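All remarks here apply to the structure that follows.
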Amino acid sequence: MPTIAICEDDLTTCRQVEKLVREYEKDRPGQIAQIAAFPSSSQLLEHTAQHGGFDIYLLDVLMPGLSGMEAARRLRTQGGGTFIFLTVSQDFALDAFRVGAMQYLVKPVGAKDLYPVLDHALDLAERKASRSILVSTVRGKENLLFSSIVYVECRNHILTYHLTDGTALLGRTIRTSFEVAMEPLLKAPNFIHPHKSFIVNADHVDRLTSQAFLMKGGAQVPITKSRYSQARARYLQYFDLTPGL
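The opening residue of the sequence shown carries number 118 in the numbering used here; numbering runs sequentially from there.
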């Protein structure tokens with residue numbers, strides 16, 4: 118089940134947001150595994166380094182020391198999650214986009230604004246955790262979770278699955294087109310086809326440029342000019358971001 122972290126340095130605001138999330142949890146029994154609150158980005162990062170990350174993060178943008186934006190950048194390198202920023206102004210929307218935020222909410226935050234965003238975040242977390250694909254590899258048939266796939270490339274009709282643990286799983290030669298072979302992935306909203314030979318998992322993208330998806334592990338997945346507009350639109354739509362930002 119999904120987990121939620123709240124990071125807010127103002128104690129009153131932190132308690133208010135935590136109360137809202139716990140009231141939200143009561144109406145959805147069995148859907149949330151853990152809710153934890155942290156008064157600073159450094160304490161949140163220390164916790165995730167020792168115990169693993171959360172599925173959903175509610176982060177204050179402006180905090181003493183490490184900002185919520187910088188914390189999100191570091192958390193993405195640890196494995197990511199869905200980021201919802203709490204801001205005092207919409208001026209931070211562009212920065213939120215750059216770190217792949219799903220949404221940003223202007224404080225004070227109320228149930229009317231927060232709960233629909235949490236609904237969408239929980240739906241994303243559940244979809245990421247449960248889906249898998251059966252692939253033919255040189256070692257035989259293997260079941261890969263969608264969430265474990267960073268990107269897939271096809272060279273000379275041979276597929277290579279680049280995974281979150283840093284390994285590259287070599288598939289067998291395909292006797293159909295790359296698009297047909299990857300149809301189960303392409304039906305999922307988080308997989309994008311930016312190049313005829315590559316498919317990328319949006320959950321593992323660190324940054325989008327005009328020429329490539331820069332992945333969390335350092336890899337670069339190229340984007341052809343003809344596919345850029347469609348790839349960008351699909352990436353923004355997946356995170357509910359506004360293409361005009």
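Ideal placement from N, C-alpha and C gives every residue a C-beta, glycine not left out.
Please read these numbers as outputs of a predicted model, since none were measured by experiment.
Worksheet entry | Supposed contact pair leucine 183 and glutamate 125 - C-beta distance, whole angstroms, cut 8 Å | In fact, because the Cβ distance is near 13 Å, the residues do not count as touching under 8 Å.
Item to complete: Could you check if threonine 199 is buried or exposed, using at least 16 other CB atoms within 10 Å of its CB as the buried criterion?
Response: Counting Cβ neighbours within 10 Å, threonine 199 comes out buried, since at least 16 surround it.
Worksheet item: Which residues in the same chain have their Cβ closer than 6 Å to the Cβ of proline 156, if we skip the five residues on either side of it in sequence?
Response: Annotation for proline 156: Asp126 place their beta carbon closer than 6 Å to its own, counting only its chain and skipping 5 residues before and after.
Discussion item. Quick check: methionine 332 and isoleucine 316, are their CB atoms within less than 7 Å of each other?
Written reply: In this structure, methionine 332 lies away from isoleucine 316, with their beta-carbon atoms at least 7 Å apart.
Discussion item. Taking 6 Å as the cut-off, is the beta-carbon of isoleucine 173 closer than that to any non-hydrogen atom of the ligand GDP?
Written reply: As far as ligands go, the structure on display features none, and thus does not contain the ligand GDP.
Discussion item. Beta-carbon within less than 8 Å of glycine 288's beta-carbon, same chain only, minus the 5 sequence neighbours each way: which residues are those?
Written reply: Within its own chain, the residues whose Cβ lies closer than 8 Å to the Cβ of glycine 288, once the five positions on either side in sequence are excluded, are Val252, Ser253, Thr254, Val255, Ile275, Leu276, Thr277, Tyr278, listed in chain order.
Fill in: Helix, strand or coil at aspartate 177 according to DSSP, with G and I counted as helix
Strand.
Worksheet item: Exposed or buried, what is proline 311 when buried is set at 16 or more other beta-carbons lying within 10 Å of its beta-carbon?
Response: With a 10 Å radius around the Cβ and a threshold of 16 neighbouring Cβ atoms, proline 311 comes out buried.
Item to complete: Measure the C-alpha to C-alpha separation of alanine 166 and serine 159 and round it to an integer number of angstroms.
Response: For alanine 166 and serine 159, the distance between alpha carbons rounds to 10 Å.
Worksheet item: Any idea which residues DSSP pairs asparagine 260 with across the strands?
Response: Under the DSSP definition of a beta bridge, asparagine 260 partners with Leu251.
Item to complete: Note down the Cα distance separating alanine 122 from leucine 175, rounded to an integer number of angstroms.
Response: Going from the Cα of alanine 122 to the Cα of leucine 175 covers about 6 Å.
Discussion item. Using the three-state DSSP reduction, which class does alanine 329 fall into: helix, strand or coil?
Written reply: Note: alanine 329 maps to strand in three-state DSSP.
Fill in: Beta-carbon proximity list for leucine 222, same chain, < 6 Å, skipping 5 on both sides
Cβ neighbours of leucine 222 within its own chain (closer than 6 Å, five residues either side excluded): Leu203, Asp230.
Worksheet item: Does the Cβ-Cβ distance between threonine 281 and serine 265 come in under 7 Å?
Response: Yes, they are a contact pair.
Worksheet item: Between threonine 359 and the rest of its own chain, which residues show a CB-CB distance below 6 Å, the 5 nearest in sequence each way excluded?
Response: Interpretation of threonine 359 is limited by its pLDDT of 41, a score under 50 that renders its predicted location unreliable; the figure taken from the coordinates is listed afterwards. Around threonine 359, the same chain offers no residue with a beta carbon nearer than 6 Å, after the five sequence neighbours per side are excluded.
Worksheet item: Who are the Cβ neighbours of methionine 180 in its own chain at under 7 Å, not counting the five residues just before and after it?
Response: Only Asp126, Ser157, Ser158 meet the Cβ criterion.
Discussion item. Short of 7 Å in beta carbon distance, which residues of its chain neighbour tyrosine 232, apart from the five on each side in sequence? Order them along the chain.
Written reply: The residues are Tyr141.
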